[in-house]
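Worksheet for the structure shown next.
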Amino acid sequence: MSGQLKNSLVLLASVAITLSACNRVNVESRNIEGNRSELTPQETTPVKSPSPLVTPSPILSQDKSEIKTSSASVKVNRENYKPIALTQLTKNEALTGEEPKAIALAAFGDVDSEGGSRDVKVEYPQPDRAVVIITQTGVADDSVRAIRYRAELVPTSKSQTGKQWKIVWAGSQFTCQRGRGHQDWSIKLCS
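In UniProt numbering, the protein residues as written are 1 to 191.
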């Protein structure tokens, strides 16, 4: 095969891949936006490839559709947890503070443990939302192998001391000991 034909095929494949990616991004952004009338701005920048050819690569800009997607994913993640009434957690004053991690640990930190471990993750899916996931293994329960808590927090009005956060939703899920129920994370209680 001649060198010029090889280069032409590489160029054709590069263009097809780029157009396919741009089409997917454009379709996904339209699906997310719903009825929004304005279009999402998109830019292309050259990316170096192994061949001497330069192909454009789409760069997505952050817009309101990303926030809508984050809200939808928060709602979907909630469905995987058994809701906990905030009145069951602790005193209402303990549900507010400066650090989302500290607030969640104060609310769920008294889980009886038999030498297990605790993993705490804090995510900020949106600037105005924090999600804290506490996973406790080695729970002092003969049927439960581990329990996972999810706390969602939002900032309250600013005080003189800085940003204050408050728990607005909480949930839990369980995984069971062998022979005592489900082995995956679920809202179903162990037997």
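Cβ atoms here follow ideal geometry from the backbone N, Cα and C, with glycine treated the same way.
Keep in mind it's a predicted model, so treat the numbers as computed, not measured.
Here DSSP, grouped into helix, strand and coil, assigns alanine 130 to strand. The count of Cβ pairs closer than 8 angstroms, one atom from the segment 114-128 and one from the segment 168-179, stays below three, leaving the stretches out of contact.
Tryptophan 169 is positioned such that its CB atom lies closer than 8 angstroms to that of glutamate 152. Annotation: the continuous alpha helix (DSSP H) that includes threonine 87 extends over 86-89. Closest option to isoleucine 134, judged by alpha-carbon separation, among Glu123, Ala140, Asp141, Gly162: Glu123. By the beta-carbon neighbour count (other beta carbons within 10 angstroms, threshold 16), leucine 189 is exposed. The alpha-carbon of valine 132 is positioned some 13 angstroms away from that of arginine 118. DSSP places leucine 189 outside both helix and strand once states are collapsed to three, so it counts as coil. With at least 16 other beta carbons inside 10 angstroms of its own, glutamine 136 counts as buried.
Lysine 163 and threonine 156 have their alpha carbons spaced roughly 7 angstroms apart. Within the same chain, Cβ atoms closer than 6 angstroms to the Cβ of glycine 115 are found at Gly138, the five residues on either side in sequence being excluded. Between tryptophan 185 and valine 120, the alpha-carbon positions lie close to 16 angstroms from each other. Serine 143 and glutamine 177 do touch by the CB rule: their CB atoms are close to 6 angstroms apart, below 8 angstroms. Secondary-structure assignment with DSSP links isoleucine 147 through a beta bridge to Gln136, Phe174.
In the structure shown, the three-state DSSP call for lysine 101 is helix. Distance between alanine 104 and glycine 179, taken at the CA atoms: about 31 angstroms.
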